[in-house]
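**Student:** I am attaching a structure below and will ask some questions about it afterwards.
There are 2 protein chains.
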Amino acid sequence: MIGASTRLVAIIGSPITQVKSPENFNRYFEDIGLDRAMIALDLKARHVADFVAMVRGWENLDGFVVTIPHKSAVAALIDEVSPRALWLGAVNVVRRHPDGRLSGDMTDGTGFVEALRARGFALKGKSALLIGAGAAGSAIALALAETGLADLSIQDVEAERASTLVDKLTVAFPHCCSALMVGEARPFDLVVNCSPAGMFELDPQPVAQRIIDAMPPEGMAAEVITSPELTPFLRAALARGLAVQTGVEMAMAQFQLLRKVMDGAAHV
Amino acid sequence: MIGASTRLVAIIGSPITQVKSPENFNRYFEDIGLDRAMIALDLKARHVADFVAMVRGWENLDGFVVTIPHKSAVAALIDEVSPRALWLGAVNVVRRHPDGRLSGDMTDGTGFVEALRARGFALKGKSALLIGAGAAGSAIALALAETGLADLSIQDVEAERASTLVDKLTVAFPHCCSALMVGEARPFDLVVNCSPAGMFELDPQPVAQRIIDAMPPEGMAAEVITSPELTPFLRAALARGLAVQTGVEMAMAQFQLLRKVMDGAAHV
Chain A
4 MIGASTRLVA IIGSPITQVK SPENFNRYFE DIGLDRAMIA LDLKARHVAD
54 FVAMVRGWEN LDGFVVTIPH KSAVAALIDE VSPRALWLGA VNVVRRHPDG
104 RLSGDMTDGT GFVEALRARG FALKGKSALL IGAGAAGSAI ALALAETGLA
154 DLSIQDVEAE RASTLVDKLT VAFPHCCSAL MVGEARPFDL VVNCSPAGMF
204 ELDPQPVAQR IIDAMPPEGM AAEVITSPEL TPFLRAALAR GLAVQTGVEM
254 AMAQFQLLRK VMDGAAHV
Chain B
4 MIGASTRLVA IIGSPITQVK SPENFNRYFE DIGLDRAMIA LDLKARHVAD
54 FVAMVRGWEN LDGFVVTIPH KSAVAALIDE VSPRALWLGA VNVVRRHPDG
104 RLSGDMTDGT GFVEALRARG FALKGKSALL IGAGAAGSAI ALALAETGLA
154 DLSIQDVEAE RASTLVDKLT VAFPHCCSAL MVGEARPFDL VVNCSPAGMF
204 ELDPQPVAQR IIDAMPPEGM AAEVITSPEL TPFLRAALAR GLAVQTGVEM
254 AMAQFQLLRK VMDGAAHV
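Taken in order, these protein sequences are the chains called A and B. When we follow this note's numbering, the leftmost residue of the first sequence carries the number 4, and every step to the right adds one. When we follow this note's numbering, the leftmost residue of the second sequence carries the number 4, and every step to the right adds one.
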């Protein structure tokens, strides 16, 4: 139970009722017997700057997680961001130092890669296709490129969004990334859906069946959508006998990373 | 356990670890099975304005309690205050309306009077002495004057502070209030210590023994200090066989009032 001495962490977003972090964090704090709690703040966009200003003087807050739609706004308001957060122009976690200074990081992509590693899927030398070049896709593309993949293809229903991300990645990783036109098919070891298609009943399946059919037997289909846990894309991959990684698994790996940042065990 | 859908209320102050409200509120919310929690915010004075600005966009916050040293600062920043809060220039509770509008009240004095009423002590026609004309003393003096006391005397170690409060009260309650010089003694039905003397081991006993000796057998000694629960003043009153009301009893009555305000059952 929260008391006057409880240390706090927060998650901000709008809407907020869909997030899983408070349950995950609060169960963890309870399990290890820490007098600490995570609160979820449903915060309107035009009050994000007030929140960040206030947090500097909020002595018993140790940090906060940032979710949609505040990740870019917060990145611009804090004192320090990690190189990957700067590159992505977004943060998903901010640590408050005792003097009120705020430093942020972006762990969306690293959380995804951690989850793949945890299940023993080696990335070095592999080829991957990433569908959806938005915020989640950009974070995961960066984390994948950092692993030493042989080849990262990016596809988006808006072709220009995919090529812009490829251009940006090519500056840092010259021989790794290319855009894949919709309709094209090649054999990929890993296919990741980073598009929102699959959240709702009538969404189209975002990965062409020809691409799923071309994957090797030891290939992996991965998803960022957490609800439903088994999206049409993952169901199609399972039907082909492929291994799958759900958005829920990614979220759990993400939680472990965020937890370390909040505990001060991971650098921000 | 706090989740993503938990509605929140807060208490702000600095320091904050000494407050009892989070335990009281959270036990109450748990008892009635409400998915609601109170969090304690240790907030630096120069960030109070940021906090109030942010609260307007904090959609899942229903209100907040204000404690030392932010009661006056918050009163000046919100949209509406009750007449008594305006008179006192301070609020101890703010309700956030769904559109972000903030309205505040000051229940420190009414909580004290409620506690006296709850134990059957009738105030109408009685005489009272109030020691300490600071923020708590002013709030309680106003609430006592509103009950129809015959006579309210006010004493402070700084005589001018007592006479300033008497002058201010006399505008609204012309024949009720007077200052009592230190050293003077008269028989009072009720004596209230609103000074901080009694919080620490070596503090002087703030009420002259001559005043305690002059009280009638059915007289009442009351205290605002919550820790220690039995202050030197209350112990002296008990030694004379008088009834006493502790600061803890006042705080519990106060909690019931705040609870009603937060529930929207009491007007702010």
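The beta carbon of each residue, even a glycine, is placed where N, CA and C say it ideally should be.
#1: Enumerate in chain order the residues of its own chain whose CB-to-CB distance from D206 (chain A) is below 8 Å, with the five nearest sequence positions on each side excluded.
#2: Any beta-carbon of chain A closer than 7 Å to the one on S230 (chain B)?
#3: Return helix, strand or coil for G92 (chain A), following the three-state DSSP convention.
#4: Between N27 (chain B) and chain A, is any beta-carbon pair separated by less than 7 Å?
#5: Using beta carbons (cut-off 7 Å, strictly below), is G222 (chain A) in contact with chain B?
#6: Starting from F236 (chain A), trace the alpha helix (DSSP H) in both directions and tell me its first and last residue.
#7: Going by DSSP in three states, R99 (chain B) sits in which element: helix, strand or coil?
#8: Which residues share a DSSP beta bridge with F67 (chain A)?
#9: Quick one: Cα of R122 (chain B) to Cα of K74 (chain A), how far?
#10: Spatial neighbours of G92 (chain A) within its chain, please: C-beta separation below 7 Å, excluding the five flanking residues on both sides.
#11: Is it buried or exposed, H50 (chain B), if we count other Cβ atoms within 10 angstroms and call 16 or more buried?
#12: What is the DSSP secondary structure of I134 (chain B), reduced to helix, strand or coil?
#13: So, for V169 (chain B): in the same chain, excluding its five sequence neighbours on each side, which residues have a beta-carbon less than 7 Å away from its beta-carbon?
#14: Compute the beta-carbon to beta-carbon distance between V94 (chain A) and I81 (chain A), rounded to the nearest angstrom, for a pair I have assumed lies under 8 Å.
#15: Under 7 Å, Cβ to Cβ, is there at least one residue of chain A near G6 (chain B)?
#16: Which residues, in order along the region 43 to 60 of chain B, keep a beta-carbon less than 7 Å from a beta-carbon of chain A?
#17: Relative to the alpha-carbon of P72 (chain B), which residue among B:R243, B:A138, B:M4 has its alpha-carbon at the smallest distance?
#18: Under a three-way DSSP split, which group does S198 (chain A) fall into?
#19: Comparing alpha-carbon positions, which option in A:F176, A:D266, A:F191, A:L119 lies nearest A254 (chain A)?
#20: In chain A, what lies closer than 9 Å to M41 (chain B) by C-beta?
#21: On the DSSP bridge assignment, give the partners of E252 (chain A) in chain order.
#22: Tell me A182 (chain A)'s beta-bridge partners as DSSP assigns them.
#23: What does D45 (chain A) pair with, by DSSP beta-bridge criteria?
#24: Identify every residue that forms a DSSP beta bridge with E33 (chain B).
#25: Does the CB of N196 (chain B) have a neighbour CB from chain A at under 7 Å?
#26: Based on the DSSP secondary-structure assignment, which residues constitute the bridge partners of M223 (chain B)?
#27: Taking C-alpha atoms, which residue in A:Y31, A:L46, A:F32, A:S8 lies nearest to I14 (chain A)?
#28: With 9 Å as the C-beta to C-beta threshold (strictly closer), list the residues of the region 93 to 107 of chain B near chain A in chain order.
#29: Which residues in the same chain have their Cβ closer than 6 Å to the Cβ of F127 (chain A), if we skip the five residues on either side of it in sequence?
#30: With a 10 Å radius around its C-beta and 16 neighbouring C-beta atoms as the bar for buried, classify M202 (chain B) as buried or exposed.
#31: Classify S85 (chain B) as helix, strand or coil using the three-state DSSP reduction.
#32: So is Q257 (chain B) buried or exposed if we call it buried at 16+ other beta carbons inside 10 Å?
#33: Over the uninterrupted alpha helix (DSSP H) stretch that includes D170 (chain B), give me the two end residues.
#34: Tell me whether E221 (chain A) is buried or exposed, calling it buried when 16 or more other Cβ atoms sit within 10 Å of its Cβ.
#35: Which partner residues does S106 (chain B) have in the DSSP bridge list?
#36: Report back the beta-carbon spacing between L105 (chain B) and V55 (chain B) to the nearest angstrom; my notes put them in contact at under 8 Å.
**Tutor:** Straight from the coordinates:
#1: To locate residue 206 (chain A), count along the first sequence from 1; it is residue 203. A distance below 8 Å between beta-carbons, with the five flanking residues on each side excluded, links D206 (chain A) to the following residues of its chain, in chain order: P199, A200, P235.
#2: The sequence position of residue 230 (chain B) within the second sequence is 227, counting from 1. For S230 (chain B), the nearest beta carbon of chain A is not closer than 7 Å to its own beta carbon.
#3: The residue you call residue 92 (chain A) lines up with position 89 of the first sequence. DSSP places G92 (chain A) in the coil class of the three-state scheme, outside both helix and strand.
#4: Here residue 27 (chain B) is taken as the residue at index 24 of the second sequence, counted from 1. So, not an interface residue.
#5: Residue mapping note: residue 222 (chain A) aligns to position 219 of the first sequence, counting from 1. Not closer than 7 Å to any Cβ of chain B, the Cβ of G222 (chain A) fails to qualify, so no.
#6: Looking up residue 236 (chain A) in the first sequence gives position 233. Start and end: 235 to 242.
#7: Taking the first residue of the second sequence as position 1, residue 99 (chain B) is located at position 96. Note: R99 (chain B) maps to strand in three-state DSSP.
#8: To locate residue 67 (chain A), count along the first sequence from 1; it is residue 64. Beta-bridge pairing links F67 (chain A) to A:A13, A:V97.
#9: To locate residue 122 (chain B), count along the second sequence from 1; it is residue 119. To locate residue 74 (chain A), count along the first sequence from 1; it is residue 71. Approximately 54 Å, taken between the alpha carbons.
#10: One-based indexing of the first sequence puts residue 92 (chain A) at position 89. So the qualifying residues of the chain are S75, A78.
#11: As a first step, residue 50 (chain B) is located in the second sequence; it is residue number 47 there, counting from the start. Buried, by the Cβ-count rule.
#12: Position 131 of the second sequence, counted from the first residue, corresponds to residue 134 (chain B). Three-state result, I134 (chain B): strand.
#13: The residue given as residue 169 (chain B) occupies position 166 in the second sequence. Around V169 (chain B): I157, C180, S181, A182.
#14: Residue numbering aside, residue 94 (chain A) sits at position 91 when the first sequence is read from its first letter. Residue numbering aside, residue 81 (chain A) sits at position 78 when the first sequence is read from its first letter. The distance from the Cβ of V94 (chain A) to that of I81 (chain A) is about 7 Å, consistent with a contact at the 8 Å cut-off.
#15: Here residue 6 (chain B) refers to the residue found at position 3 when the second sequence is read from its first residue. It does; some Cβ of chain A falls within 7 Å.
#16: So the list reads A43, L44, D45, L46, K47, R49, H50, D53, F54, A56, M57, R59, G60, given in the order they occur along the chain.
#17: Residue numbering aside, residue 72 (chain B) sits at position 69 when the second sequence is read from its first letter. Looking at the Cα atoms, B:A138 is the closest of the given residues.
#18: For this step, residue 198 (chain A) is matched to residue 195 along the first sequence. S198 (chain A) falls in the coil class under three-state DSSP.
#19: Reading the first sequence from its first residue, position 251 is the one you call residue 254 (chain A). Of the listed residues, the one whose Cα sits closest to A254 (chain A) is A:L119.
#20: Along the second sequence, read from residue 1 onward, the residue named residue 41 (chain B) stands at position 38. Result: I5.
#21: Along the first sequence, one-based indexing puts residue 252 (chain A) at 249. According to DSSP, which records beta bridges pairwise, E252 (chain A) is partnered with nothing at all.
#22: Taking the first residue of the first sequence as 1, we reach residue 182 (chain A) at position 179. Answer is A:I157, bridged to A182 (chain A).
#23: As a first step, residue 45 (chain A) must be located in the first sequence, where it is residue number 42. In the DSSP output, where bridge partners are listed per residue, D45 (chain A) has A:G16.
#24: The residue labelled residue 33 (chain B) in the question sits at position 30 within the second sequence. Per DSSP, none; premise fails for E33 (chain B).
#25: In the second sequence, the residue the question calls residue 196 (chain B) occupies position 193. No, because no Cβ of chain A sits closer than 7 Å to the Cβ of N196 (chain B).
#26: Stepping through the second sequence from its first residue, residue 223 (chain B) is reached at position 220. Answer is B:L193, B:A246, bridged to M223 (chain B).
#27: Taking the first residue of the first sequence as position 1, residue 14 (chain A) is located at position 11. Nearest C-alpha to I14 (chain A): A:L46.
#28: G103
#29: Residue 127 (chain A) sits at position 124 when you count from the first residue of the first sequence. Sequence check: residue 127 (chain A) is Lys here, not Phe. Within the same chain, K127 (chain A) has close Cβ partners G151.
#30: Stepping through the second sequence from its first residue, residue 202 (chain B) is reached at position 199. The residue is exposed, with fewer than 16 neighbouring Cβ atoms inside 10 Å.
#31: Mapped onto the second sequence, residue 85 (chain B) falls at position 82. In the structure shown, S85 (chain B) adopts coil according to DSSP, grouped into three states.
#32: Working through the second sequence from its first residue, we reach residue 257 (chain B) at position 254. Result: buried.
#33: If you number the second sequence from 1, residue 170 (chain B) lands on position 167. Its alpha helix (DSSP H) spans residues 162 to 175.
#34: As a working mapping, residue 221 (chain A) is identified with position 218 in the first sequence. Exposed is the call here.
#35: On the second sequence, position 103 is the one that residue 106 (chain B) refers to. Beta-bridge partners assigned by DSSP to S106 (chain B): B:E83, B:R98.
#36: Your numbering for residue 105 (chain B) matches position 102 in the second sequence. Your numbering for residue 55 (chain B) matches position 52 in the second sequence. Contact flag correct, Cβ pair sits at about 7 Å.
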